[in-house]
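Visitor: One point on numbering: in the UniProt record's numbering, the residue at position 87 of the sequence shown is 87, and numbering is uninterrupted.
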Amino acid sequence: MEFHDTAAGRRIAYEYTPGTGPTVVFLGGYKSDMQGTKAVHLEDWAQETGRAFLRFDYSGHGDSGGKFEDGCIGDWAEDAQSVIEAVTEGPVLLVGSSMGGWIALLMTQRLADVAGLVTIAGAPDFTEDGFWADFDAEQRKAIMQDGQVALPSDYGDPYIVTRRLIEDGRKHLVLRDPLELPFPVRLLQGTADTAVHPDRALKLLDHAASPDMRLVLVDGADHRFSDADCLALIESSVEEVLARAEVPD
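Here's what the structure looks like:
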């Protein structure tokens with residue numbers, strides 16, 4: 001494990017596998033870390049195939065510095081951009097899981113050379129269209145007055161949603177304005193996902209503009225999207241995007 005210090009002073013833990021480009025970059029989800037099943041599976045695949053690969057923890061996640069409750073979409077996007085630009089060279093293929101799908105979409109607007117994109121239960125704009133939209137009047141009042149509210153989670157401890165997370169999220173929404181994705185895109189989504197409804201993937205498919213974009217719905221798959229079949233689909237989707245992106249000069 002290595003560490004990268006961002007310009008904002010946040011210490012980011014990462015694992016980098018050298019190999020041929022484009023570099024595959026895994027962007028994890030909200031409260032997830034780079035030790036998750038999907039990230040480790042892709043690293044194993046990269047090592048077996050000789051592909052350059054990067055996984056990392058946002059600040060407040062995993063082995064990176066900072067407190068989770070202090071973070072927001074803008075901070076985590078800055079973390080992602082900083083470590084990707086510092087560690088990788090040349091084009092990158094972004095693989096974004098859940099919140100990482102939103103961060104990956106932000107990276108397509110900031111990085112110099114994006115070869116392709118794969119999202120797994122991508123959750124663009126979830127702070128506004130998920131958290132805030134689902135809050136009742138009491139929760140909205142609590143988050144504005146107290147600065148945070150706790151939400152139950154099916155994946156461990158309750159989610160602490162802060163006022164800063166909501167307000168900062170509004171500065172980084174990607175489904176309100178035109179979204180150009182001029183490279184191959186694969187959207188993967190489980191139909192039994194209770195954390196990110198399949199409608200989110202359909203909305204992204206309808207909203208974004210790409211010359212080569214496909215949505216794959218997996219019947220019965222949940223938000224983890226980590227059983228053997230789902231992992232194989234992630235792997236084959238990455239390989240397909242790489243094949244379509246690597247056009248000879």
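Think of the CB as a built atom: it goes at the ideal place given N, C-alpha and C, for glycine as much as any other residue.
1) Keeping to the same chain, check which residues put their C-beta closer than 8 Å to that of residue 233; ignore five residues upstream and five downstream.
2) Am I right that residue 35 and residue 62 are in contact with their C-beta atoms under 8 Å? What's the rounded C-beta distance?
3) What span of residues does the beta strand (DSSP E) with residue 186 cover, start to end?
4) What number of angstroms, rounded off, separates the C-alpha of residue 248 from the C-alpha of residue 159?
5) DSSP three-state call for residue 1: helix, strand or coil?
6) Would you list, in sequence order, the uninterrupted alpha helix (DSSP H) runs of no fewer than 4 residues that lie entirely inside the segment 196-226?
7) Would you mind giving the Cβ-Cβ distance between residue 42 and residue 53, rounded to the nearest angstrom? I have them listed as a contact below 8 Å.
8) Buried or exposed for residue 99, going by 16 or more other Cβ atoms inside 10 Å?
9) Please list the terminal residues of the continuous beta strand (DSSP E) segment that includes residue 236.
10) Within its chain, find whatever has a CB closer than 6 Å to the CB of residue 222; leave out the 5 residues flanking it on each side and keep chain order.
11) Just curious, the beta strand (DSSP E) that residue 174 is in, first and last residue?
Guide: Taking the coordinates as given:
1) For this step, residue 233 is matched to residue 233 along the sequence shown. These residues qualify, in order along the chain: 188, 216, 218.
2) As a position in the sequence shown, residue 35 is number 35, starting the count at 1. As a position in the sequence shown, residue 62 is number 62, starting the count at 1. Confirmed, about 7 Å.
3) The residue labelled residue 186 in the question sits at position 186 within the sequence shown. It spans 184-190 - the beta strand (DSSP E) in which residue 186 sits, taken as one unbroken run.
4) The residue you call residue 248 lines up with position 248 of the sequence shown. The residue you call residue 159 lines up with position 159 of the sequence shown. Its pLDDT being 42, under 50, residue 248 is placed unreliably in this model, and the value from its coordinates should be taken loosely. C-alpha separation (whole angstroms): 46 Å.
5) For the purposes of this step, residue 1 is identified with residue 1 of the sequence shown, where counting begins at 1. In the structure shown, residue 1 sits in coil (DSSP, three-state: anything other than H, G, I, E or B).
6) 198-207
7) Along the sequence shown, one-based indexing puts residue 42 at 42. Along the sequence shown, one-based indexing puts residue 53 at 53. With 8 Å as the limit, residue 42 and residue 53 qualify as a contact, their Cβ atoms being about 6 Å apart.
8) Taking the sequence shown and counting its residues from 1, one reaches residue 99 at position 99. Burial call: buried.
9) If you number the sequence shown from 1, residue 236 lands on position 236. Run containing residue 236: none in the beta strand (DSSP E); it sits in the alpha helix (DSSP H), 228-245.
10) Residue 222 sits at position 222 when you count from the first residue of the sequence shown. Closer than 6 Å at the Cβ level, and outside the excluded window around residue 222, lie 190, 192, 193.
11) One-based indexing of the sequence shown puts residue 174 at position 174. Where residue 174 is concerned, there is no enclosing beta strand (DSSP E), given that its DSSP letter is neither H nor E.
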